[in-house]
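What follows is a set of notes on a single structure, which appears directly below.
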Amino acid sequence: MRCFSEKRPKALALILLVGLCPGIGISQGLLDAGFGGASDESAAFLAAGGRHVVTVAVAGRNLGAARLVGAGVEPCGKMADPVSRVVVFEMPSTMSGAFRLAERTPAGGLLKTPDGKISGRIEARVEQVGGKFLPFTLIQLRYGGVPPKPGTPLLDAAGAVAAIAHEASGRHHGGYALPVEVVHRALEAARLGRGSQRAWLGLTLKPGQGVPQVTGTVAGSPANQAGVIVGDVLTEVGGLKVADYGDAVNAFFLLRPGKSTRLKLKRGGVEKVLQLVPAVAKQ
Amino acid sequence: MDDFLREFHMRRREEAVVEKGLSALWSRLMGWLSEPGMSKWAYGGVVAYAAVMIAFMVGERSLDVEGLNTTPVKHQIVPVPPAVQQLEELDLRPSSLGSTGDQEF
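Here the protein sequences come in this chain order: A and B.
Following the working numbering, the numbering of the first sequence begins with 343 at its first residue and continues without gaps.
Following the working numbering, the numbering of the second sequence begins with 24 at its first residue and continues without gaps.
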């Protein structure tokens with residue numbers, strides 16, 4: 343995702359116009375995103391650096407039709423991750439009012455919407471919904487009232503974005519949220535112009551197994567070349583402890599292609615540490 | 024003596040009548056069977072089939088099964104665990120489908 347330089351003068355003029363017209367533009371770093379339908383809006387927010395606006399398309403929304411609503415400024419680029427369904431818009435210039443992002447989502451505690459009207463307590467990390475493993479771990483919250491609109495940034499006690507509100511969970515005032523690690527991943531992909539590339543190690547796991555035990559490796563893959571063999575039990579991937587299949591899936595999702603990664607595993611009761619560089623997964 | 028003779032002759036006549044009737048019936052049956060045509064074979068087949076079935080049913084009913092000892096077989100119904108799906112993309116709808124079996128990362 344790269345903004346073309348020839349668009350810059352036009353975009354700058356638009357920004358100037360926005361600045362002169364009160365009521366138009368990004369207020370307090372918040373705005374809305376639409377997906378082509380009449381009532382399918384999500385909230386969006388300006389992320390750290392002031393160049394990227396982040397939103398999320400919940401299931402059923404047309405990811406390809408994502409657009410900013412009422413921003414006053416047209417984004418000059420867009421990156422939509424089909425797995426997390428996070429959409430990152432690149433703005434033509436740095437804008438004020440950006441939200442700072444926390445490094446990690448806390449294990450517990452209270453998260454609040456930017457206006458402070460809705461707060462939710464982190465109750466659990468969710469790896470499965472309806473008997474299906476998610477492609478990464480979600481956060482489950484219990485709000486004090488009606489859950490906020492999907493895409494709403496949820497701030498920790500320090501005022502940094504720790505998660506993004508997602509769908510309601512069906513429980514009373516319950517809701518899911520995307521952890522901030524997923525937002526970091528999407529933002530990095532957008533900044534590097536990498537799109538929605540996913541890391542690939544070339545090993546297989548079985549979802550039904552209790553422990554993340556390797557069931558196979560692809561010949562010539564990063565895992566195979568690093569020495570991973572069938573029967574190895576993963577204990578840590580990319581700095582994240584993994585105790586079961588869901589943990590491993592989440593850790594694999596957060597890996598970056600081309601970035602050296604440490605893999606800890608147990609082989610016959612003996613712990614081994616391997617270093618490998620994930621490749622780009624085939625789409 | 025006269026009574027005895029009268030009774031003897033009467034019995035002889037009755038026996039003769041019975042013998043004559045049976046032989047007449049037999050001769051009529053033989054004659055019918057010797058006649059050309061397929062219908063009689065069909066009738067004969069039906070009668071034979073009916074006789075066999077009656078014999079079979081009567082024989083079946085006479086079997087004594089009460090004395091048979093049955094051995095209970097131990098069994099346990101083990102529910103098959105549903106195949107766990109791995110979603111390719113974040114989709115919380117109940118209808119969403121993923122993939123099962125070994126997953127490659």
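Quick reminder that beta carbons are idealized off the backbone N, C-alpha and C, glycines included.
Predicted model only: the values in this text are computed from it and were never measured.
Which residue's Cα is closest to the Cα of residue i: the options?
{"i": "A:A531", "options": "A:G371, A:S381, A:L597, A:I571", "result": "A:L597"}
{"i": "A:I464", "options": "A:K491, A:F475, A:G517, A:M437", "result": "A:G517"}
{"i": "A:S538", "options": "A:L405, A:L497, A:Y587, A:G392", "result": "A:L405"}
{"i": "A:K608", "options": "A:A623, A:V619, A:S602, A:V572", "result": "A:V572"}
{"i": "A:P554", "options": "A:V575, A:L476, A:G371", "result": "A:V575"}
{"i": "B:F128", "options": "A:Q482, A:G402, A:K548, A:E432", "result": "A:K548"}
{"i": "A:P495", "options": "A:G392, A:L443, A:L476", "result": "A:L443"}
{"i": "A:S435", "options": "A:S461, A:K454, A:A389", "result": "A:A389"}
{"i": "A:R467", "options": "A:A413, A:M437, A:D589", "result": "A:D589"}
{"i": "A:A621", "options": "A:G552, A:A593, A:R540, A:G493", "result": "A:R540"}
{"i": "A:T455", "options": "A:V560, A:R393, A:G402, A:A386", "result": "A:A386"}
{"i": "A:V560", "options": "A:T546, A:F478, A:E523", "result": "A:T546"}
{"i": "A:K624", "options": "A:R446, A:S563, A:A422", "result": "A:S563"}
{"i": "A:P417", "options": "A:V395, A:V524, A:F441, A:R484", "result": "A:V395"}
{"i": "A:G487", "options": "A:A510, A:G493, A:L476, A:L497", "result": "A:A510"}
{"i": "A:G512", "options": "A:A565, A:V556, A:R484", "result": "A:R484"}
{"i": "A:P498", "options": "A:P424, A:F441, A:D382", "result": "Before going further, note that residue 498 of chain A is Asp rather than Pro in the sequence given. Nearest C-alpha to A:D498: A:F441."}
{"i": "A:S381", "options": "A:G392, A:G391, A:G402", "result": "A:G402"}
{"i": "A:L529", "options": "A:T603, A:A422, A:F478", "result": "A:A422"}
{"i": "A:T557", "options": "A:K583, A:Y587, A:E383", "result": "A:Y587"}
{"i": "A:R393", "options": "A:E383, A:V584, A:K420", "result": "A:K420"}
Who are the neighbours of residue i on chain A, taking C-beta pairs under 8 Å?
{"i": "B:F79", "result": "In chain order: nothing, as chain A lies at least about 55 Å away."}
{"i": "B:P105", "result": "G473"}
Roughly how many angstroms lie between the CA atoms of residue i and residue j, to the nearest whole one?
{"i": "A:P364", "j": "A:L373", "result": "Because A:P364 sits at a pLDDT of 38, beneath the cut-off of 50, its placement in the model cannot be relied upon, and the point is left open."}
{"i": "A:A500", "j": "A:Q567", "result": "43 Å"}
{"i": "A:P599", "j": "A:Q470", "result": "25 Å"}
{"i": "B:D26", "j": "B:Y72", "result": "52 Å"}
{"i": "A:R427", "j": "A:A408", "result": "10 Å"}
{"i": "B:V41", "j": "B:M53", "result": "18 Å"}
{"i": "A:R527", "j": "A:G378", "result": "26 Å"}
{"i": "B:D125", "j": "A:G458", "result": "44 Å"}
{"i": "A:L534", "j": "B:Q99", "result": "58 Å"}
{"i": "B:D114", "j": "B:V96", "result": "46 Å"}
{"i": "B:I77", "j": "B:V70", "result": "10 Å"}
{"i": "B:V101", "j": "A:G473", "result": "19 Å"}
{"i": "A:L359", "j": "A:G451", "result": "With a pLDDT of only 45 at A:L359, under 50, the local geometry of the prediction cannot be trusted, and no value is derived from it."}
{"i": "A:G412", "j": "A:A375", "result": "9 Å"}
{"i": "B:W49", "j": "B:E58", "result": "14 Å"}
{"i": "A:A525", "j": "B:A106", "result": "In the sequence as presented, Ala is not what sits at residue 525 of chain A; that position holds Val. Cα to Cα, A:V525 sits roughly 31 Å from B:A106."}
{"i": "A:L616", "j": "A:G414", "result": "50 Å"}
{"i": "B:Y117", "j": "A:G439", "result": "What sits at residue 117 of chain B in the sequence shown is Pro, not Tyr. If you take the alpha carbons of B:P117 and A:G439, they lie about 38 Å apart."}
{"i": "A:F595", "j": "A:E613", "result": "23 Å"}
{"i": "A:V579", "j": "A:E523", "result": "15 Å"}
{"i": "A:K601", "j": "A:V619", "result": "6 Å"}
{"i": "B:R29", "j": "B:A47", "result": "27 Å"}
{"i": "A:R350", "j": "A:R536", "result": "Because A:R350 sits at a pLDDT of 49, beneath the cut-off of 50, its placement in the model cannot be relied upon, and the point is left open."}
{"i": "A:K606", "j": "A:W542", "result": "17 Å"}
{"i": "A:P424", "j": "A:G569", "result": "31 Å"}
{"i": "B:K63", "j": "B:E38", "result": "31 Å"}
{"i": "A:G391", "j": "A:Q551", "result": "42 Å"}
{"i": "A:Q370", "j": "A:F478", "result": "30 Å"}
{"i": "B:A74", "j": "B:A65", "result": "14 Å"}
{"i": "B:P104", "j": "A:T603", "result": "35 Å"}
{"i": "A:H515", "j": "B:T94", "result": "58 Å"}
{"i": "B:S122", "j": "B:F79", "result": "58 Å"}
{"i": "B:W55", "j": "B:G82", "result": "32 Å"}
{"i": "A:E432", "j": "A:G610", "result": "49 Å"}
Round the Cβ separation of residue i and residue j to the nearest angstrom and send it over; I've been treating them as touching at under 8 Å.
{"i": "A:V398", "j": "A:V429", "result": "7 Å"}
{"i": "A:A507", "j": "A:P490", "result": "5 Å"}
{"i": "A:I481", "j": "A:A502", "result": "About 15 Å; that fails the 8 Å criterion."}
{"i": "A:G462", "j": "A:L453", "result": "5 Å"}
For residue i, go through chain B and note every residue whose CB falls closer than 8 Å to its CB, in chain order.
{"i": "A:A401", "result": "L113, D114, L115, R116, S119"}
{"i": "A:T546", "result": "D125, Q126, E127, F128"}
{"i": "A:E509", "result": "L115"}
{"i": "A:V635", "result": "An answer regarding residue 635 of chain A cannot be provided, because it is not within the stretch 343 to 625 covered by chain A."}
List the residues of chain B that residue i touches, going by C-beta distances under 9 Å, in chain order.
{"i": "A:Y518", "result": "L115"}
{"i": "A:K614", "result": "What A:K614 touches in chain B: nothing, since even the nearest Cβ is about 18 Å away."}
{"i": "A:W377", "result": "It should be noted that the sequence gives Phe, not Trp, for residue 377 of chain A. Result: empty, since nearest Cβ-Cβ is about 15 Å, beyond 9 Å."}
{"i": "A:S633", "result": "Residue numbering for chain A in the displayed model covers 343 to 625; residue 633 of chain A lies beyond these limits and cannot be assessed."}
So which residues on chain A does residue i lean against when the C-beta distance must stay under 9 Å?
{"i": "B:Q99", "result": "Within 9 Å Cβ-Cβ: nothing; B:Q99 doesn't reach chain A, min ~21 Å."}
For residue i, go through chain B and note every residue whose CB falls closer than 7 Å to its CB, in chain order.
{"i": "A:E416", "result": "Ordered by position in chain B, no residue passes the 7 Å Cβ test against A:E416, which lies about 27 Å from the chain."}
{"i": "A:L543", "result": "F128"}
{"i": "A:P477", "result": "L110, E111, E112, L113"}
{"i": "A:G558", "result": "D125"}
* **Contiguous beta strand (DSSP E) assignments of at least 3 residues, all confined to the segment 367 to 397 of chain A** => Runs of the beta strand (DSSP E) inside the segment 367 to 397 of chain A: 372 to 376, 384 to 388.
* Going along the chain, which unbroken runs of the alpha helix (DSSP H) with 4 or more residues stay wholly within the segment 516 to 586 of chain A? -> Here the runs fully enclosed are 522 to 533, 564 to 568.
* Curious, which full-length beta strand (DSSP E) runs of at least 3 residues does the segment 402 to 451 of chain A contain? -> Counting only runs of 3 or more, we get 409 to 411, 419 to 422, 428 to 432.
* Start-end ranges of the alpha helix (DSSP H) lying completely within the segment 42 to 112 of chain B, minimum 4 residues -> For the segment 42 to 112 of chain B, whole alpha helix (DSSP H) runs of length 4 or above, ordered along the chain, are 62 to 84.
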